[in-house]
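Under mature numbering (1 follows the signal peptide of the UniProt record, and there is no 0), read the sequence shown as residues -18 to -1, 1 to 135, first letter to last.
We treat Cβ as the ideally placed atom computed from N, Cα and C, and that holds for glycine.
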Amino acid sequence: MPLRYLSLAILSCFSLIACSSAPIDPSELAGKLRDKLTTDIKADGLKLFSYTARLVDDKSNIGDADRPFPHDARVRSMQDPREQRRAMQDLQDSLEVWGRQVELGLTKTLEMTGYCREGYIELSRIIEPGRGEIRGECQEGATNADKQKFVNY
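This is how it looks when you write it as structure tokens:
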């Protein structure tokens, strides 16, 4: 009988672990980001762009009394190694979700503007907590209409 309860407890633990590691949907960040597309059309028709996105920070209006003390970071850095690994994994997971959100924002922006009609080649990517930037080159050259439309982008 005790073996049955032990196996039930172990099964419950595995179920909880599986539920807690479910991926986060990038659409949860909808409405919480500000983005900007900067275009650059060269004289030879080469079309470059830089897409930047950042999270809108609701905490920017926090008073000094609500900010954590500087020693809090030192205390957290001395925590249990397992806690540090868990914190690093959480950071990696959130950066992955944020990276997908930045990609989604870029895709939608390019569709709405019609800037890269045939796709693009990614030149660089920077994904940090709350901030992301993707630089790229369009696969097609600029038309005269593109040069007129995107001169002030």
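Around the Cβ of residue i, are there at least 16 other Cβ atoms within 10 angstroms (buried) or fewer (exposed)?
i           : result
residue 26  : exposed
residue 128 : buried
residue 3   : Per-residue confidence for residue 3 stands at a pLDDT of 43, beneath the threshold of 50, marking its modelled position as unreliable; the derived number appears in the next sentence. Classification for residue 3: exposed.
residue 92  : buried
residue 66  : exposed
residue 71  : exposed
residue 84  : buried
residue 29  : buried
residue 69  : exposed
residue 89  : exposed
residue 155 : No information on residue 155 is available, as it lies outside the stretch -18 to 135 that the chain covers here.
Which residues bound the beta strand (DSSP E) around residue i?
i           : result
residue 21  : 15 to 23
residue 34  : 29 to 37
residue 117 : 113 to 120
Could you give the C-beta distance for residue i and residue j, rounded to a whole number, given that I count them as a contact under 8 angstroms?
i           : j           : result
residue 117 : residue 36  : Not really, about 16 angstroms apart at Cβ, beyond 8 angstroms.
residue 141 : residue 38  : One cannot answer for residue 141 here, as it falls past the ends of the chain, which runs -18 to 135.
residue 34  : residue 110 : Incorrect: roughly 11 angstroms between the Cβ atoms, too far for contact.
residue 132 : residue 102 : Rounded, the Cβ-Cβ distance is 14 angstroms, inconsistent with contact.
Output the boundary residues of the alpha helix (DSSP H) element that contains residue i.
i           : result
residue 110 : It is not in any alpha helix (DSSP H) - residue 110 instead sits in the beta strand (DSSP E) that spans 102 to 110.
residue 79  : 63 to 95
Is the Cβ-Cβ distance between residue i and residue j less than 9 angstroms?
i           : j           : result
residue 81  : residue 107 : yes
residue 104 : residue 122 : no
Residue i by DSSP, collapsed to three states: which one?
i           : result
residue 124 : coil
residue -7  : Low local confidence applies: a pLDDT of 40 at residue -7 is under 50, so the model's placement there is unreliable, with the coordinate-based value given in what follows. Three-state DSSP puts residue -7 in a helix.
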